Amino acid sequence: MTVPQDPSERRVVVTGPPRRTRHTSGYYRPRTEIDEQTTLGHTYVRSLMRTQLRAALTVFAVLGLLVGPLPLLFAAMPDAHRLEWAVLGFCLYLPLVLLARWYVRRAERNERDFVRLVEDR
Numbered sequence: 017m018t019v020p021q022d023p024s025e026r027r028v029v030v031t032g033p034p035r036r037t038r039h040t041s042g043y044y045r046p047r048t049e050i051d052e053q054t055t056l057g058h059t060y061v062r063s064l065m066r067t068q069l070r071a072a073l074t075v076f077a078v079l080g081l082l083v084g085p086l087p088l089l090f091a092a093m094p095d096a097h098r099l100e101w102a103v104l105g106f107c108l109y110l111p112l113v114l115l116a117r118w119y120v121r122r123a124e125r126n127e128r129d130f131v132r133l134v135e136d137r
């Protein structure tokens, strides 16, 4: 292909801006921040850990309020051995299962929210 010498004979191609552009400046990816262990990535991970810890401490507090007073209750009624076994065997089962179910669902939701935050938008 030969280039014409006269500037008036040149063809000029005008194109619009690309439809999909990746801005390198001002564009951040949380996954990259986490992989490179930057301060921002550390903050993301600490946020996830904090929410998971908050859920665990909530379960621990409810469990303590549910099971903690039982020795005092059993000490107040010394001859109620059948009641003790009924409370420990049957009455605590459903609340413990519901508490465990709530914790697992909460932890999975926290992780899902974290992944949604980290994934590309």
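Everything in the sequence shown is counted per this note's numbering, starting at 17 for the first residue and increasing by one.
Even for Gly, the Cβ is constructed at its ideal location relative to N, Cα and C.
For clarity, every value in this text was computed on a predicted model and none was experimentally measured.
- Relative to V78, the option among V113, H97, L56, R98 whose CA is nearest is V113.
- Cβ-Cβ separation between A71 and R122: approximately 5 Å, consistent with a contact (criterion under 8 Å).
- The criterion of a C-beta distance shorter than 8 Å is not satisfied by L108 and V75.
- Burial state of F130 is buried, judged by a 10 Å Cβ sphere holding 16 or more other Cβ atoms.
- For V78, the enclosing alpha helix (DSSP H) has its first and last residue at 55 to 83.
- Taking C-alpha positions only, D95 is separated from G105 by approximately 17 Å.
- Residues of the same chain with a CB within less than 8 Å of the CB of V134, apart from the 5 flanking positions on each side, are P46, R47, I50, Y60 in chain order.
- Taking the CA atoms as reference points, W118 sits about 30 Å from R98.
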